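Asks: Dropping the structure in here first, questions after.
Number of protein chains: 2
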Amino acid sequence: MAVAPGPRPEAETPRLDPGRRLTRQRRLVWQTIQEIGPHCTAEQVTASVKQANPRVARSTVYRILADLCSAGDVVVARLDAGGLRYELAAAEHPHAVCQVCGKVIHVGDELLETFEEHLAATVGFRTVRIDLTVNGVCRDCAAPGRRATRRQRHDHI
Amino acid sequence: MAVAPGPRPEAETPRLDPGRRLTRQRRLVWQTIQEIGPHCTAEQVTASVKQANPRVARSTVYRILADLCSAGDVVVARLDAGGLRYELAAAEHPHAVCQVCGKVIHVGDELLETFEEHLAATVGFRTVRIDLTVNGVCRDCAAPGRRATRRQRHDHI
DNA sequence: TTAGCTGCAAAAGGTTTGCAAATTA
DNA sequence: TAATTTGCAAACCTTTTGCAGCTAA
Chain S
24 MAVAPGPRPE AETPRLDPGR RLTRQRRLVW QTIQEIGPHC TAEQVTASVK
74 QANPRVARST VYRILADLCS AGDVVVARLD AGGLRYELAA AEHPHAVCQV
124 CGKVIHVGDE LLETFEEHLA ATVGFRTVRI DLTVNGVCRD CAAPGRRATR
174 RQRHDHI
Chain A
24 MAVAPGPRPE AETPRLDPGR RLTRQRRLVW QTIQEIGPHC TAEQVTASVK
74 QANPRVARST VYRILADLCS AGDVVVARLD AGGLRYELAA AEHPHAVCQV
124 CGKVIHVGDE LLETFEEHLA ATVGFRTVRI DLTVNGVCRD CAAPGRRATR
174 RQRHDHI
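Shown next as structure tokens:
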């Protein structure tokens, strides 16, 4: 398995693995991910792409997302039990997910480097990417008098 | 949504939410999770349970796992694109997943508290549980001359 | 006795795949 | 032109649900 190179700044066109072609659909998916922003689902991407061109198939979007990931331009996160979340590798960051309303908050990643160093030193593990999700309750939902507005499918987490 | 109480040391029988019954199946699933050890899939649990009693249904195992989670005895992790992983809350810890061979390594959680404090102070987020997965390459697979032996379904992660 | 649990079978939801036709380099 | 990509539809896999019969308290 090829371990993808590190993130790079946002670009006009996606990076391509050798022999790969830059098609209309690929360009469209790439733009869409930049527009929607971080932690979007495949479903969201597909919907936006179909607005621009209804003939693009869902499976095509999935295939392109997989390619973008393997090229290292996009990364996947598993925030909740719904679909996988995609984001530009350049925009990657830890997430905090509210268990009550489902809101996703971005959090800093200052502490992660320490973790990597620790792992390399103790078990010789080479870190490629750290996936950190904080589950809890956001300020709004913790406020007195507030009620839940959305429950997640796997609310037993 | 009920936010479950914190973990407790390994016990003979699972904790039950009020009004819940301790059935043969529940006891069996509970024992099985302790035997298999951390980050087991629902499928693994079901297979082991069926060895002891082939009549136990898959759906029953899922329902019991959900109950154990809601009681706070078991927690879920999303390590890879296969099924969810379950483990005793008492055994919870961050994971490092090797992208080449799929092996899971346990890592310490010394750094996580700092993260919680930071989040509470900056955005008022109350942390219930931190889900930390490190993706990378383990010492064995990084060794020169080694080849991949297993690819994950979503190997583009 | 009776609310809660189980087994079965079928549905749901997200993702992947096979294949012929279209398209890019 | 030749190899890659696409669109479509169907398959897949994990998890959930409906319901009638069973069972722990």
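Read top to bottom, the protein sequences are chains S and A.
Position in the first sequence (first residue = 1) + 23 = my numbering.
Position in the second sequence (first residue = 1) + 23 = my numbering.
Think of the CB as a built atom: it goes at the ideal place given N, C-alpha and C, for glycine as much as any other residue.
Just so it is clear, the structure is predicted and the values come from calculations on it, not from any experiment.
1) Just the chain S side, please: which residues come within less than 7 Å of A119/A by C-beta, in chain order?
2) Would a check of beta-carbon distances place A114/S closer than 7 Å to chain A?
3) Relative to the alpha-carbon of R50/S, which residue among L135/S, C121/S, R38/S has its alpha-carbon at the smallest distance?
4) Going by alpha carbons, who is nearest to E133/S out of L155/S, C121/S, V120/S, A112/S?
5) Note down, in chain order, each residue of its chain lying with its Cβ closer than 8 Å to the Cβ of H177/A, except the 5 sequence neighbours on either side.
6) With DSSP as the reference, label V26/A as helix, strand or coil.
7) Helix or strand or just coil, what does DSSP make of D96/S?
8) Please state whether the Cβ-Cβ distance between Q67/S and I59/S is less than 7 Å.
9) How about I75/S: is its C-beta nearer than 7 Å to some C-beta of chain A?
10) Can you tell me which of the three DSSP states H118/S falls into?
11) Using a C-beta cutoff of 7 Å, does G105/S count as contacting chain A?
12) Pairs of beta-carbons, one from the stretch 104-115 of chain S and one from the stretch 87-97 of chain A, closer than 8 Å: are there three or more?
13) I'd like the span of the beta strand (DSSP E) that includes D154/S, first residue to last.
14) May I have the straight-line CA-CA distance separating L142/S from A165/S, to the nearest angstrom?
15) Would you mind sorting A119/S into buried or exposed? The rule is 16 or more other CB atoms within 10 Å of its CB.
16) When burial is assigned at 16 or more other CB atoms within 10 Å of the CB, is A158/A buried or exposed?
17) Output, in sequence order along the chain, the residues in the stretch 124-140 of chain S whose CB is closer than 9 Å to any CB in chain A.
18) Within the same chain, show all residues whose beta-carbon is closer than 8 Å to that of R101/S, passing over the 5 residues directly before and after it, in chain order.
Replies: Put simply:
1) On the second sequence, position 96 is the one that residue 119/A refers to. Near A119/A (Cβ distances below 7 Å), the residues of chain S are L142, F148.
2) As a position in the first sequence, residue 114/S is number 91, starting the count at 1. By this cut-off, A114/S is not an interface position.
3) Walking along the first sequence from the start, residue 50/S turns up at place 27. With distances taken between Cα atoms, R50/S lies closest to R38/S.
4) Counting from 1 along the first sequence, the entry for residue 133/S is found at position 110. The shortest C-alpha separation from E133/S is found at L155/S.
5) Residue mapping note: residue 177/A aligns to position 154 of the second sequence, counting from 1. For H177/A, the pLDDT reaches just 36, beneath the cut-off of 50, and the residue's location in the model is therefore unreliable, leaving the point undetermined.
6) Along the second sequence, read from residue 1 onward, the residue named residue 26/A stands at position 3. Its pLDDT being 43, under 50, V26/A is placed unreliably by the model, and the measurement read from it follows with that caveat. Coil, per DSSP.
7) The residue labelled residue 96/S in the question sits at position 73 within the first sequence. Coil, per DSSP.
8) As a working note, residue 67/S is residue 44 in the first sequence. As a working note, residue 59/S is residue 36 in the first sequence. In contact: Q67/S and I59/S (Cβ atoms closer than 7 Å).
9) Numbered from 1 along the first sequence, position 52 holds the residue referred to as residue 75/S. It should be pointed out that residue 75/S corresponds to Ala in this sequence rather than to Ile. Taking Cβ atoms only, chain A never reaches closer than 7 Å to A75/S, which makes this a no.
10) Reading the first sequence from its first residue, position 95 is the one you call residue 118/S. Strand.
11) Numbered from 1 along the first sequence, position 82 holds the residue referred to as residue 105/S. It does not; no Cβ of chain A falls within 7 Å.
12) no
13) Within the first sequence, residue 154/S is the residue found at index 131, counting from 1. Segment 149-160, the beta strand (DSSP E) holding D154/S.
14) For this step, residue 142/S is matched to residue 119 along the first sequence. For this step, residue 165/S is matched to residue 142 along the first sequence. The straight-line gap from Cα to Cα measures roughly 35 Å.
15) Your numbering for residue 119/S matches position 96 in the first sequence. The residue in question, A119/S, is buried, as its Cβ has 16 or more Cβ neighbours within 10 Å.
16) Walking along the second sequence from the start, residue 158/A turns up at place 135. The sequence given here has Asn at residue 158/A, not Ala. Buried, by the Cβ-count rule.
17) I128, V130, G131, E133, L134, L135, T137, F138, E139
18) For the purposes of this step, residue 101/S is taken as residue 78 along the first sequence, with counting starting at 1. Taken in chain order, the residues that qualify are L107, R108, D154, T156.
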